[in-house]
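Take a look at the structure set out below.
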Amino acid sequence: MSDTDKLTAILDVLSGTAFESVDEMLGVYGGLGAPVDEIRNDLCAMVRERTIMWLLRRTTARNFNERTRIMTKRMAELLRIGDQQNGAFQSVVNQLVDLEARITDAENVEKNGTSDTPEASIRDLLKGQGWRCAACGIPLKSHVRRRMPRFAEELEPISEMQLDHVEPFYIAANQTRMEVLCKECNIVKSDRLGVQEDGFVFCANHLRPKNRASTIRRMAFWTTYKTRSCEHDECAATSKDGILLVGRKNLGVAWAYGNLSVWCDNHAPIRDSWYCHSFPDL
Ligand SMILES: [Zn+2]
Ligand SMILES: [Zn+2]
């Protein structure tokens, strides 16, 4: 992008010009140096949730057959589908009926926590995760704590474990893959529903001066959650091996989503990188 193009693009962004297409928008952001793949993935996740919510309407249907009948009628109208015997159409209806049932379930059943899940299943999950939080790598059992001079007592801190539903509970109820997160990660993750409307996508609210520390923690969490491993070229360390640390890729640029990188203790710069729940008030 030439300097003139970049500046024109920034002026368009600043004035809130609507883009003709997603490709055009990503092209502009990409030309400015923004992490396009990350934005595209976030966009897809958000559009998926919005589309699901648009397709589904609450019904008072009490059983599967009634739900299927109502959903068939609604989808035929909404999507203007003539041939309702079409296999793909029926598959869409079935999936939506299943989703709707799970959403209704999510409102009426208790969310499974560690106490409703067999101990053996939790142990298997934990073992597969190296007895650590699946996202940030903090030890959940004291026997895996490693020496790390950057922490108090020169030992990794330890956290309480919580069972996490990988897909949001309000969409999937208890029928989803589970993983064990530390309490802090789980709290930040469930916050996602609350920020959906004002932009989980770009964590745009990092511009708001209010709650800046908590916003940075949220950006640090999502960056760690997606990566779960050290980003150093020759390193294979993951959250199973130790606590992951977050810092800025480019020290000259603000703490902003897209400018954060995740490293293991060996590769994190000594200063200016933090464990994602221990950010100072920057
Ligand atoms: Zn964690
Ligand atoms: Zn590393």
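Just so you know, we're using our numbering here: the sequence shown kicks off at 7 and counts up by one. Note that CB positions come from ideal geometry on N, CA and C, so glycine has one too.
Would you say the stretch 163-175 touches the stretch 115-134, given that touching needs at least three Cβ pairs under 8 Å?
Yes, the stretch 163-175 touches the stretch 115-134.
Using beta carbons (cut-off 9 Å, strictly below), is A107 in contact with chain D?
Of the protein chains in this structure there is only one, and it is not chain D.
Check whether the stretch 246-255 touches the stretch 137-148, counting contact only when three or more Cβ pairs, one atom from each stretch, lie closer than 8 Å.
With a cut-off of 8 Å on Cβ pairs, the stretch 246-255 is in contact with the stretch 137-148, counting three or more such pairs.
Can you list, in chain order, the residues of its chain whose CB lies under 8 Å from that of R73, leaving out five sequence neighbours each side?
Numbered from its first residue, the sequence shown carries residue 73 at position 67. Correct list, in chain order: T65, A67, V103, E106, A107.
What are the partner residues of T244, as DSSP defines its beta bridges?
As a first step, residue 244 is located in the sequence shown; it is residue number 238 there, counting from the start. Beta-bridge pairing links T244 to S235.
Quick check: the stretch 71-87 against the stretch 21-31, are there 3 or more CB pairs under 8 Å?
Flag = no, the stretch 71-87 and the stretch 21-31 do not touch.
Buried or exposed, going by whether 16 or more other CB atoms sit within 10 Å of the CB of E125?
To locate residue 125, count along the sequence shown from 1; it is residue 119. Around the beta carbon of E125, fewer than 16 other beta carbons sit within 10 angstroms, so the residue counts as exposed.
Leaving out five residues on either side along the sequence, give the residues of the same chain with a beta carbon under 6 Å from the beta carbon of E162.
Mapped onto the sequence shown, residue 162 falls at position 156. The answer, listed in chain order, is P145, R151, R152, M154, I249.
Helix, strand or coil, according to DSSP, for E190 in the structure here?
What you label residue 190 is simply residue 184 of the sequence shown in a count that begins at 1. Helix.
Report the start-end ranges of each alpha helix (DSSP H) in the stretch 127-179 that is 4 residues or longer and not cut off at the edges.
175-178
For L105, report the span of its alpha helix (DSSP H) as first-last.
Taking the sequence shown and counting its residues from 1, the one referred to as residue 105 is at position 99. First-last of the alpha helix (DSSP H) with L105: 93-114.
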